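All remarks here apply to the structure that follows.
Number of protein chains: 2
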Amino acid sequence: MAPRTDLSAVRKNQILDAAMVVFARSGFHEARMDDIVQESGLSKGTLYWYFKSKEEIITAISQRLFATDIESVESLLKAEGTVSERLQQLIRDRVQGLQEMSGVVAILFEFYAAALHQDGVRQFIKTYFQNFHELLVALIQQGIERGEFRPVDALAAATALDAVFEGLIVRWLIDPDAVQWASLGEAAIRLMLDGLKHR
Amino acid sequence: MAPRTDLSAVRKNQILDAAMVVFARSGFHEARMDDIVQESGLSKGTLYWYFKSKEEIITAISQRLFATDIESVESLLKAEGTVSERLQQLIRDRVQGLQEMSGVVAILFEFYAAALHQDGVRQFIKTYFQNFHELLVALIQQGIERGEFRPVDALAAATALDAVFEGLIVRWLIDPDAVQWASLGEAAIRLMLDGLKHR
DNA sequence: CTTACTAGACCGACTGGTCGGTCTAGTAAG
DNA sequence: CTTACTAGACCGACCAGTCGGTCTAGTAAG
Chain C
52 MAPRTDLSAV
62 RKNQILDAAM
72 VVFARSGFHE
82 ARMDDIVQES
92 GLSKGTLYWY
102 FKSKEEIITA
112 ISQRLFATDI
122 ESVESLLKAE
132 GTVSERLQQL
142 IRDRVQGLQE
152 MSGVVAILFE
162 FYAAALHQDG
172 VRQFIKTYFQ
182 NFHELLVALI
192 QQGIERGEFR
202 PVDALAAATA
212 LDAVFEGLIV
222 RWLIDPDAVQ
232 WASLGEAAIR
242 LMLDGLKHR
Chain X
52 MAPRTDLSAV
62 RKNQILDAAM
72 VVFARSGFHE
82 ARMDDIVQES
92 GLSKGTLYWY
102 FKSKEEIITA
112 ISQRLFATDI
122 ESVESLLKAE
132 GTVSERLQQL
142 IRDRVQGLQE
152 MSGVVAILFE
162 FYAAALHQDG
172 VRQFIKTYFQ
182 NFHELLVALI
192 QQGIERGEFR
202 PVDALAAATA
212 LDAVFEGLIV
222 RWLIDPDAVQ
232 WASLGEAAIR
242 LMLDGLKHR
């Protein structure tokens, strides 16, 4: 049935990795399929063997990018430590994730822009945001119940928190020097937490 | 000398208005020059009479969009009232500005995306961000000096504040229902202010 | 007032380059 | 010998930008 060892998983990743690099560099539209071909080290025939269109590559990337890791999220809700410790940890993890893919984060904006006129993409991102948001609400709620936070509106507080985070990404991408995650970013978030805590 | 009344200012605005509508609907790349031609009610020849390329239209729009109104900004620094009142007012003004151009805000993302591979656009946006940021720093500094705020790191606090704002825009564009500016948005910002105030 | 002329605003059919995508002819593993 | 996969030349739709031309309003000479 399979005369040759199945490379499809490897190849697909190879193509998607290359595509991310190219898209991050040039944006979805400026990026040429031939650029992806070259970056991947494969040939056009191979590329179209695995993905039937540019569109399909973009969708595949968005899935890869916005697939929420539900497990790690759930575990955070049950973990030990104060809520604000865990919130800070959550943020630190996310920041680290960002930094690891820093060469390629630019695609985020491509997707945000795409989301505004392509319902499919929008849906992915929306769900992603909502998942993160729900986690934050749950955490803050926990903080309030434990008496760690003031009895604020958990929804509003969560909105504020993920807004700070999302906003920092925007600023960071536009002006990397303005946002030193290690200092400014964390300070910003600590400030928010201070607003939550009992006084 | 001038055989016909000079309509160039009118025409340019007419074209830019049309372009913003089209760009907001379809994005920079999906948008066809012919769409702008149609939306503007002019002809292709006329369009190219006033702007020599698509690129030039995009640049013109970014100037129009990110031109900071320095005066209103400065006046806020000298206005009366507590700092947090003025901060909230500032935010309210900006939100209102956004809502007024709500049909067309989508272009923001187009510009953010474009900024990442076009230094010109990036520069515009960067300057815009920096102006706003500096204003916030000054205001917060004022709050600290007057004893209204705790002696926090004004830079970090300002970063946090404009991040919330920028982040809310992102969330709002992706999922308009999730951000009810009037309630959630303001609450989020009030929360930040609480973090600043003396306890 | 008429007529001849000018400037420059405006028009839209046309073109040439640019990619997304296809196709045919392979190659090598099993 | 079959089948999974690779290669890259090639095709043609599409669209930014061009170009030859028209039309209008003003000017001024007679």
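As given, the protein sequences belong to chains C and X, one line each in that order.
When we follow the working numbering, the leftmost residue of the first sequence carries the number 52, and every step to the right adds one.
When we follow the working numbering, the leftmost residue of the second sequence carries the number 52, and every step to the right adds one.
Quick reminder that beta carbons are idealized off the backbone N, C-alpha and C, glycines included.
Since we're looking at a predicted model, the values are computed, not measured.
Listed by chain order, chain C residues near residue i by CB distance under 8 Å
i                      : result
residue 180 of chain X : 222, 225, 226 and 229
residue 206 of chain X : 235
residue 203 of chain X : 242
residue 119 of chain X : In chain order: nothing, as chain C lies at least about 15 Å away.
Bounding residues of the alpha helix (DSSP H) (the contiguous stretch that carries residue i)
i                      : result
residue 114 of chain X : 105–117
residue 169 of chain C : Here residue 169 of chain C belongs to no alpha helix (DSSP H), and DSSP marks it neither H nor E.
residue 231 of chain C : Taken as a continuous stretch (DSSP letters only), residue 231 of chain C belongs to no alpha helix (DSSP H), as it is neither H nor E.
residue 153 of chain C : Careful: residue 153 of chain C lies outside any alpha helix (DSSP H) and carries neither H nor E.
residue 96 of chain X  : 95–101
residue 63 of chain C  : 59–81
residue 124 of chain X : 121–129
residue 218 of chain C : 205–225
residue 241 of chain X : 237–247
residue 199 of chain C : Run containing residue 199 of chain C: none; DSSP gives neither H nor E here.
Proximal residues of chain C, C-beta to C-beta of residue i below 7 Å
i                      : result
residue 71 of chain X  : Going along chain C, no residue has its Cβ under 7 Å from residue 71 of chain X, so there is no contact; the nearest lies around 14 Å.
residue 160 of chain X : 160, 163, 164 and 167
residue 173 of chain X : 225
residue 133 of chain X : Those within 7 Å of residue 133 of chain X in chain C number zero; the least Cβ separation is about 17 Å.
residue 157 of chain X : 167
Identity of the residue in the options nearest residue i by Cα
i                      : options                       : result
residue 198 of chain X : X:247, X:115, X:58 and X:62   : X:247
residue 109 of chain X : X:69, X:194 and X:226         : X:69
residue 93 of chain X  : X:71, X:66, X:129 and X:195   : X:66
residue 116 of chain X : X:200, X:201 and X:177        : X:177
residue 120 of chain X : X:141, X:131, X:137 and X:132 : X:141
residue 127 of chain C : C:181, C:227, C:193 and C:151 : C:193
residue 111 of chain C : C:152, C:137 and C:175        : C:175
residue 191 of chain X : X:97, X:227, X:179 and X:249  : X:249
residue 180 of chain C : C:77, C:118 and C:103         : C:118
residue 182 of chain X : X:97, X:124 and X:98          : X:124
Contact set between residue i and chain X, taken where Cβ atoms lie within less than 9 Å
i                     : result
residue 77 of chain C : 168
residue 81 of chain C : 80 and 168
Own chain, CB closer than 7 Å to residue i, minus 5 neighbours either side, in chain order
i                      : result
residue 172 of chain C : 113, 162, 165 and 166
residue 105 of chain C : 84
residue 188 of chain X : 205, 206 and 209
residue 212 of chain X : 187 and 243
residue 236 of chain C : 146, 219 and 230
residue 222 of chain C : 229 and 230
residue 133 of chain C : 199
Chain-ordered neighbours of residue i on chain X, where CB pairs are closer than 7 Å
i                      : result
residue 219 of chain C : 214
residue 246 of chain C : 242, 243, 245 and 246
residue 110 of chain C : Those do not exist, as residue 110 of chain C stays about 16 Å from chain X at its closest Cβ, beyond 7 Å.
residue 239 of chain C : 207, 210, 211 and 214
Residue i Cβ short of 8 Å to the ligand MN heavy atom set
i                      : result
residue 175 of chain C : You won't find the ligand MN in this model; it holds no ligand whatsoever.
Beta-carbon contacts of residue i that lie in its chain and below 8 Å, excluding the five residues immediately before and after
i                      : result
residue 220 of chain X : 149, 156 and 159
residue 215 of chain X : 239, 240 and 243
residue 59 of chain C  : 101
residue 195 of chain X : 201, 202, 203 and 205
residue 122 of chain X : none
Buried versus exposed, by CB contacts within 10 Å (16 or more), residue i
i                      : result
residue 225 of chain X : buried
residue 170 of chain C : exposed
residue 107 of chain X : exposed
residue 61 of chain X  : exposed
residue 234 of chain C : exposed
residue 75 of chain C  : buried
residue 184 of chain C : buried
residue 54 of chain C  : Legend: pLDDT at residue 54 of chain C = 49, less than 50; position of this residue unreliable, no value from coordinates given.
residue 151 of chain C : exposed
residue 217 of chain C : buried
residue 71 of chain X  : buried
Chain-ordered chain C contacts of residue i [CB-CB under 9 Å]
i                      : result
residue 177 of chain X : 225, 226 and 229
residue 56 of chain X  : Result: empty, since nearest Cβ-Cβ is about 38 Å, beyond 9 Å.
Sequence-distant residues of the same chain with beta carbon closer than 6 Å to residue i, five excluded per side
i                      : result
residue 95 of chain C  : 88
residue 73 of chain C  : 82, 86, 87 and 90
residue 135 of chain C : 244
residue 52 of chain X  : Caution applies to residue 52 of chain X, whose pLDDT of 42 falls short of 50 and renders its modelled position unreliable; the value that the coordinates give is listed next. No residues qualify anywhere along the chain.
residue 63 of chain C  : 101
residue 79 of chain C  : 161
residue 232 of chain C : 146
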